[in-house]
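*Asks:* So the protein lines, in turn, are chains A and B.
Each residue of the first sequence is one higher than the one before, counting from 0 in numbering that gives the first Met the number 0.
Each residue of the second sequence is one higher than the one before, counting from 0 in numbering that gives the first Met the number 0.
Where is the CB? At the ideal position from N, CA and C, for every residue including glycine.
In this text the structure is predicted, and so the values were computed from the model without any measurement.
Below you'll find the structure I mean.
There are 2 protein chains.
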Amino acid sequence: MTDIFTLDQIKASLKDIDTIKAIEQGFVAYSQKKAVIPPIGEMIFEKPPGDVHIKYGYIIGDDYYVIKIAAGFYENTKLNIPTDSGLMLVFKQKTGELACILLDEGHLTNLRTAAAGAVVAKYFAPKSVQRIGIFGAGTQGRMQLEHLKPIVDCKDVIVWGLSQEELDVYKMDMEFLGFSIQTTMNSEDIASSCNLIVTATPSKSPLLRADQIRKGTHITAMGSDTPEKNELEPGILRAADIVVADSISQCRSRGEISVALKAGLIEEKDILELGNAILDEKLQRTSEDQVTVADLTGVAVQDIQISKAVYKTLAQNK
Amino acid sequence: MTDIFTLDQIKASLKDIDTIKAIEQGFVAYSQKKAVIPPIGEMIFEKPPGDVHIKYGYIIGDDYYVIKIAAGFYENTKLNIPTDSGLMLVFKQKTGELACILLDEGHLTNLRTAAAGAVVAKYFAPKSVQRIGIFGAGTQGRMQLEHLKPIVDCKDVIVWGLSQEELDVYKMDMEFLGFSIQTTMNSEDIASSCNLIVTATPSKSPLLRADQIRKGTHITAMGSDTPEKNELEPGILRAADIVVADSISQCRSRGEISVALKAGLIEEKDILELGNAILDEKLQRTSEDQVTVADLTGVAVQDIQISKAVYKTLAQNK
């Protein structure tokens with residue numbers, strides 16, 4: 000019988016897993032062309048609006064391949080059920096047998112996304128972070144900050160959101176985790192005081208302008224994963240010293256980089272791929288003055304890495 | 000907690016399901032453009048050789064959408080494990096929630112394929128079937144014949160296979176089900192005595208020639224589902240009075256029709272789509288003399304229909 004693990008079991012396994020390391024290794028395999036990632040499968044529903052994505056692939060010569068199914072149905076809030084759902088399926092690469100089903104309800108996607116933010120900060124955040132700025136007080140706004148904890152030695156944070164109520168809850172939750180949180184609904188407050196900024200919103204119009212960005216700032220933009228979403232004025236990418244993508248091929252059509260490419264403000268040759276930067280110190284931040292921007296659109300190799308790590312841990316502890 | 004059903008549970012549910020009807024309704028929805036079937040997802044492995052296919056989609060306005068994952072790893076026989084595996088996932092179309100996981104190990108794919116053969120026979124087999132000819136003594140060779148039982152009033156069968164041993168087992172199994180079985184390793188014996196022929200082999204070179212086909216014969220070719228496989232000399236399709244495809248768009252690149260199209264022996268306008276023929280009597284067989292050929296490549300709408308029917312039955316009986 001196939002192993003089937005629930006969200007509670009999956010969450011319990013995570014304390015034994017170095018997710019940041021697993022994701023980092025995934026990006027390296029990806030940039031070294033060792034990962035086979037077919038095009039994303041997609042279904043779009045209109046009434047009620049919803050989208051389903053199938054992300055899948057494998058690392059060549061690895062033990063497993065992984066298929067992830069993720070759904071977002073935004074009117075579920077009316078029914079008091081979560082908007083996002085999902086599961087991951089792990090199969091044996093030598094036989095095609097189903098190894099396990101991870102009923103993670105989308106949690107592992109959130110986790111691997113947050114871990115990517117930490118990987119980026121490890122190589123591109125300035126050595127001395129004065130203050131962390133977070134755009135978005137939702138799940139990723141929380142998880143990105145949590146994942147910066149082992150990477151960045153700064154607990155002083157300002158968070159931007161659309162409602163004071165949401166911000167108050169965020170402040171309470173994150174101060175419980177040891178951060179000192181200021182809140183704001185004015186985006187100017189972020190750029191003026193932070194040199195490590197994470198944007199984690201579904202915004203379709205820019206939250207930050209090029210003229211706001213100070214020397215030495217690093218920005219991780221992870222909210223935009225479709226051609227429509229856009230969190231940064233594209234001039235920010237033109238002005239940046241380093242622009243890094245989780246996947247250059249995906250960033251051609253999705254995320255902040257796609258907007259800047261289409262506007263002719265940057266060229267593809269100006270873009271670094273994260274896995275290559277991890278391997279080569281010269282491609283990482285080399286001075287405290289550089290402005291660096293990372294665009295994360297989410298790559299299936301992250302799903303592969305996190306689900307494998309969870310499965311191996313759960314199988315061992317059975 | 001998600002409902003997860005095993006192969007035994009799924010098999011037990013099938014006695015309460017009219018699979019032929021479910022598949023027939025699926026083809027109608029498909030030809031009426033009510034089914035949304037995105038391109039098939041695919042992963043190909045080399046060492047050991049294996050392929051994985053993800054078929055998915057939904058009928059517009061229906062309660063569910065379905066994702067099927069099927070794998071074939073042909074060297075599994077060396078390990079004494081089945082070459083084919085698979086599962087189907089049923090999700091709620093209104094919320095994206097996972098409704099159930101059907102761990103059918105590929106059985107429902109076999110079943111929906113066999114049921115499609117029955118649907119074709121219902122509309123295209125001659126009224127008076129003298130003898131049924133089956134190419135292939137494997138799983139589909141068995142299931143196609145079983146599914147003809149409620150449709151065709153003929154129990155006299157001749158089966159072609161590559162080894163006498165395999166044919167002897169087939170004969171024993173199918174006579175137990177009430178058929179009278181002759182066996183042959185000479186394909187001439189089929190065309191000369193049968194007016195309902197089903198080809199269910201993975202052959203890459205034709206098993207039947209155009210000059211062998213007698214007036215009034217119907218052929219269902221279901222073995223070829225890739226661009227390489229080919230069971231019928233393409234001249235058979237040129238000579239046929241009716242050529243019917245489960246999916247015209249899929250048959251452009253897969254199966255018997257693709258071979259005949261590429262050879263310039265037929266044109267796309269000469270091809271009927273099964274769902275349209277079901278709805279319009281004039282498109283079905285209209286005389287006992289016609290030669291008709293149906294090419295089945297397998298359409299995700301069949302997976303949608305069978306998995307929905309199984310889930311509904313299992314959910315009711317819980």
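(1) Given B/ILE3, which residues of its chain have a CB within under 6 Å of its CB, disregarding the five upstream and five downstream residues?
(2) Is A/ILE58 close to chain B? Criterion is C-beta to C-beta, closer than 8 Å.
(3) In chain C, what lies closer than 8 Å to A/MET42 by C-beta?
(4) Need the endpoints of the alpha helix (DSSP H) that A/TYR29 sits in, please.
(5) Which residues share a DSSP beta bridge with B/PHE72?
(6) Measure the C-alpha to C-alpha separation of A/TYR345 and A/ALA299 and round it to an integer number of angstroms.
(7) For chain B, find out if any of its Cβ atoms is closer than 8 Å to the Cβ of A/ILE68; answer yes or no.
(8) Compare the C-beta of B/PHE72 with all C-beta atoms of chain A and state if any pair is closer than 8 Å.
(9) Name the residues in the stretch 94-112 of chain B whose C-beta lies less than 7 Å from a C-beta of chain A; which are they?
(10) Does the distance from the CB of B/GLY56 to the CB of B/GLY85 come in under 8 Å?
(11) Could you tell me which uninterrupted alpha helix (DSSP H) segments, each at least 4 residues in length, are contained entirely in the stretch 223-252 of chain B, listed from first to last along the chain?
(12) Once you ignore the five residues that flank B/SER246 on each side, which residues in its own chain have a CB closer than 6 Å to its CB?
(13) How long is the line joining the alpha carbons of A/ARG130 and A/VAL156, rounded to whole angstroms?
(14) Would you decide whether B/GLY263 is buried or exposed? Buried here means 16 or more other CB atoms lie within 10 Å of its CB.
(15) Less than 6 Å between C-beta atoms, sequence neighbours within five positions excluded: which residues of the same chain meet that for B/SER179?
(16) Pick from A/VAL65, A/HIS52, A/GLU287, A/VAL168: whose alpha carbon is nearest that of A/GLY25?
(17) If contact is defined by three or more beta carbon pairs under 8 Å, each pair taking one atom from either stretch, is the stretch 248-258 of chain B in contact with the stretch 220-234 of chain B?
(18) Return the residue from the list B/ARG208, B/PHE123, B/THR82 that minimises the CA-CA distance to B/VAL333.
(19) Determine the chain B residues that contact A/THR1 at a beta-carbon separation under 7 Å, and present them in chain order.
(20) Nearest CA to the CA of A/ILE277: which residue from A/ILE22, A/LYS14, A/GLN211?
(21) When you compare the CB positions of A/MET87 and A/LEU110, do they come within less than 8 Å of one another, or not?
(22) If the cut is a Cβ gap below 9 Å, which residues of chain B does A/PHE90 touch?
(23) How would you list, in chain order, the residues of chain B whose beta-carbon sits under 9 Å from the beta-carbon of A/ASN79?
(24) Nearest chain B C-beta to A/PRO47 closer than 8 Å, yes or no?
(25) Against chain A, does B/ASN185 count as a neighbour if the rule is that its beta carbon must be under 8 Å from one of theirs?
(26) Label A/SER127 either buried or exposed according to how many other C-beta atoms from any shown protein chain fall within 10 Å of its C-beta, with 16 as the threshold for buried.
(27) Measuring only the C-alpha atoms, how far is A/ILE16 from B/LYS20?
(28) Taking B/LEU206 and B/ILE218 to be in contact with their CB atoms under 8 Å, please state how far apart those CB atoms are, rounded to whole angstroms.
(29) For B/LYS203 and B/ARG141, I'd like the C-alpha separation in whole angstroms.
(30) Using a Cβ cut-off of 8 Å, pull out every chain A residue sitting near B/ASN75, in sequence order please.
(31) Would you call the CB atoms of B/PHE90 and A/ALA70 closer than 8 Å?
(32) Please work out which residues of its chain come closer than 6 Å, Cβ to Cβ, to A/ASP50, disregarding the five sequence neighbours upstream and downstream, and give them in chain order.
(33) Check this for me: beta carbons of B/ALA114 and B/HIS146, under 8 Å apart or not?
(34) Flag this pair as yes or no: are the beta carbons of A/ILE36 and A/ILE53 separated by less than 8 Å?
(35) Who pairs with A/LEU107 in a beta bridge, going by DSSP?
(36) A/VAL158 and A/THR182 look like a contact to me (Cβ under 8 Å); what is the Cβ gap, rounded to whole Å?
*Replies:* By the coordinates alone:
(1) Working through the second sequence from its first residue, we reach residue 3 of chain B at position 4. Same-chain partners within the cutoff: ILE100.
(2) Within the first sequence, residue 58 of chain A is the residue found at index 59, counting from 1. No, because no Cβ of chain B sits closer than 8 Å to the Cβ of A/ILE58.
(3) Of the protein chains in this structure, namely A and B, none is chain C.
(4) The residue labelled residue 29 of chain A in the question sits at position 30 within the first sequence. Start and end: 18-30.
(5) Position 73 of the second sequence, counted from the start, is the residue given in the question as residue 72 of chain B. In the DSSP assignment, the residues bridged to B/PHE72 are B/GLY49.
(6) For chain A, the structure presents residues 0 to 317; residue 345 of chain A sits outside this window and is missing.
(7) As a first step, residue 68 of chain A is located in the first sequence; it is residue number 69 there, counting from the start. Closer than 8 Å: yes.
(8) Within the second sequence, numbered from 1, the residue matching residue 72 of chain B stands at position 73. Answer yes: the Cβ-Cβ gap between B/PHE72 and chain A drops below 8 Å somewhere.
(9) THR94, GLY95, GLU96, LEU97, ILE100, LEU102
(10) Within the second sequence, residue 56 of chain B is the residue found at index 57, counting from 1. Within the second sequence, residue 85 of chain B is the residue found at index 86, counting from 1. The Cβ atoms of B/GLY56 and B/GLY85 do not sit closer than 8 Å to each other.
(11) 234-238, 247-250
(12) Here the question's residue 246 of chain B lines up with position 247 in the second sequence. So the qualifying residues of the chain are VAL298.
(13) Your numbering for residue 130 of chain A matches position 131 in the first sequence. Your numbering for residue 156 of chain A matches position 157 in the first sequence. C-alpha separation (whole angstroms): 6 Å.
(14) Here residue 263 of chain B refers to the residue found at position 264 when the second sequence is read from its first residue. By the beta-carbon neighbour count (other beta carbons within 10 angstroms, threshold 16), B/GLY263 is exposed.
(15) The count along the second sequence starts at 1 and reaches residue 179 of chain B at position 180. In its chain, beyond the 5 residues on either side, LYS154, ASP155 have a beta carbon closer than 6 Å to the beta carbon of B/SER179.
(16) Counted from its first residue, the first sequence places residue 25 of chain A at position 26. When only C-alpha atoms are compared, the closest one is A/VAL65.
(17) yes
(18) Here chain B has residues from 0 to 317 only, and residue 333 of chain B is not among them.
(19) Start at 1 with the first residue of the first sequence, and residue 1 of chain A comes out as number 2. One finds LEU102 in chain B with Cβ atoms closer than 7 Å to the Cβ of A/THR1, taken in chain order.
(20) Numbered from its first residue, the first sequence carries residue 277 of chain A at position 278. Out of A/ILE22, A/LYS14, A/GLN211, A/ILE22 has the C-alpha closest to the C-alpha of A/ILE277.
(21) On the first sequence, residue 87 of chain A is found 88 positions in, with the first residue counted as 1. On the first sequence, residue 110 of chain A is found 111 positions in, with the first residue counted as 1. Going by C-beta atoms, A/MET87 is not nearer than 8 Å to A/LEU110.
(22) To locate residue 90 of chain A, count along the first sequence from 1; it is residue 91. Correct list: VAL51, ILE68, ALA70, SER84.
(23) Locating residue 79 of chain A in the first sequence gives position 80, counting from the first residue. Correct list: empty, because the minimum Cβ distance to chain B is about 11 Å.
(24) Along the first sequence, read from residue 1 onward, the residue named residue 47 of chain A stands at position 48. With 8 Å as the cut-off, A/PRO47 counts as an interface residue toward chain B.
(25) Residue numbering aside, residue 185 of chain B sits at position 186 when the second sequence is read from its first letter. It does not: the Cβ of B/ASN185 has no partner Cβ on chain A nearer than 8 Å.
(26) By 1-based counting over the first sequence, the position of residue 127 of chain A is 128. That one is exposed.
(27) The count along the first sequence starts at 1 and reaches residue 16 of chain A at position 17. The count along the second sequence starts at 1 and reaches residue 20 of chain B at position 21. One C-alpha to the other measures close to 49 Å.
(28) Counting from 1 along the second sequence, the entry for residue 206 of chain B is found at position 207. Counting from 1 along the second sequence, the entry for residue 218 of chain B is found at position 219. Their Cβ separation, rounded to whole angstroms, is 10 Å, which puts B/LEU206 and B/ILE218 out of contact at 8 Å.
(29) Locating residue 203 of chain B in the second sequence gives position 204, counting from the first residue. Locating residue 141 of chain B in the second sequence gives position 142, counting from the first residue. Distance between the alpha carbons of B/LYS203 and B/ARG141 is about 21 Å.
(30) Your numbering for residue 75 of chain B matches position 76 in the second sequence. Correct list: THR94, GLY95.
(31) Locating residue 90 of chain B in the second sequence gives position 91, counting from the first residue. Locating residue 70 of chain A in the first sequence gives position 71, counting from the first residue. Yes, these two residues count as a Cβ contact at 8 Å.
(32) Position 51 of the first sequence, counting from 1, holds the residue named residue 50 of chain A. Closer than 6 Å at Cβ, skipping near neighbours: ILE43, GLY71.
(33) Position 115 of the second sequence, counting from 1, holds the residue named residue 114 of chain B. Position 147 of the second sequence, counting from 1, holds the residue named residue 146 of chain B. Yes, they are a contact pair.
(34) The residue labelled residue 36 of chain A in the question sits at position 37 within the first sequence. The residue labelled residue 53 of chain A in the question sits at position 54 within the first sequence. In this structure, A/ILE53 does not lie closer than 8 Å to A/ILE36 by Cβ.
(35) For the purposes of this step, residue 107 of chain A is identified with residue 108 of the first sequence, where counting begins at 1. Looking at the DSSP assignment, A/LEU107 forms no beta bridge with any residue, so it has no partner.
(36) Sequence index remark: in the first sequence, residue 158 of chain A carries index 159 (1-based). Sequence index remark: in the first sequence, residue 182 of chain A carries index 183 (1-based). Indeed they touch by this definition, with Cβ atoms about 6 Å apart.
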